[in-house]
Each structure stands twice: as C-alpha cells, then as structure tokens.
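Enquirer: Residue 45 in UniProt numbering sits at position 45 of the sequence shown, with consecutive numbering throughout. Backbone N, C-alpha and C fix where the C-beta goes; we use that ideal spot for every residue, glycine too. The structure displayed is predicted, hence computed values, not measured ones.
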Amino acid sequence: MKTSTSGLYVSYYLTIIVGHKMQSEVIRKIYDGQFGVRKAEDILLLDFWIPNVRSKIECRIRNCIRCILAERKHGKQERMLNPIDKADLPL
C-alpha cells in the first residue's frame with residue numbers, strides 16, 4: 001500500500017487474467033477441498049480474473065473426489081435385511 005499526500009491509502013494490485021487453458025489448473029490449485037464456493041472465489045479473485053468464475057468453482061466442487069467422499073449421505077440409512085417368511089401356499 002502506498003500513502004498519498006492527503007493521508008488516504010491507495011493500493012495497487014496486480015490482477016492476472018487467466019487464459020482458457022489454464023483456468024481449470026488455477027482453480028484446482030486454489031481450491032483444495034477445504035472450503036466452499038464463496039471463500040474459494042474470494043481467494044481466487046485476489047490475484048486472478050476468470051470469466052464466470054463462480055460457475056467454474058461450483059463445477060470443480062461438484063466433481064471433487066475428496067468432497068464427494070466426505071459428504072454426508074442424506075435419506076434412509078442402510079440396515080440389515082429382514083427375512084420374509086415363506087408361506088406354504090402353492091402359486
């Protein structure tokens with residue numbers, strides 16, 4: 001940060017525009033399975049600019065193997081099978 005004569009702080013950030021071929025690699029390196037879309041987007045936008053970054057991060061999270069394995073399953077849990085008594089009636 002640089003201080004101007006008026007006492008205000010002026011910051012100069014270098015934003016790197018990421019090419020199409022490198023976008024997935026940059027997103028993969030930024031997102032390591034530790035946080036959600038919003039935080040990953042905030043971290044990425046500090047240094048990089050990628051068009052439609054939110055949708056690309058969401059796609060990365062949906063396809064992240066570590067995230068899929070760690071996600072809790074919803075719905076009915078698996079249980080032991082109950083045997084069905086066989087009736088002595090003919091078909």
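Whole angstroms is fine: what's the gap from P83's alpha carbon to S24's?
Expert: For the purposes of this step, residue 83 is identified with residue 83 of the sequence shown, where counting begins at 1. For the purposes of this step, residue 24 is identified with residue 24 of the sequence shown, where counting begins at 1. Rounded to whole angstroms, P83 to S24 spans 50 angstroms at the Cα level.
Enquirer: Kindly list the residues whose CB is nearer than 6 angstroms to the CB of Y31, restricted to its own chain and excluding five residues on each side of it in sequence; keep chain order.
Expert: Sequence index remark: in the sequence shown, residue 31 carries index 31 (1-based). Hits under 6 angstroms: A40 and R60.
Enquirer: Label L44 either buried or exposed according to how many other C-beta atoms from any shown protein chain fall within 10 Å of its C-beta, with 16 as the threshold for buried.
Expert: In the sequence shown, residue 44 corresponds to position 44, counting from 1. Counting Cβ neighbours within 10 Å, L44 comes out buried, since at least 16 surround it.
Enquirer: If we ignore side chains and look at the alpha-carbon of each, how far apart do V18 and F48 end up?
Expert: Counting from one through the sequence shown, the residue named residue 18 turns up at place 18. Counting from one through the sequence shown, the residue named residue 48 turns up at place 48. Their Cα atoms are separated by approximately 7 angstroms.
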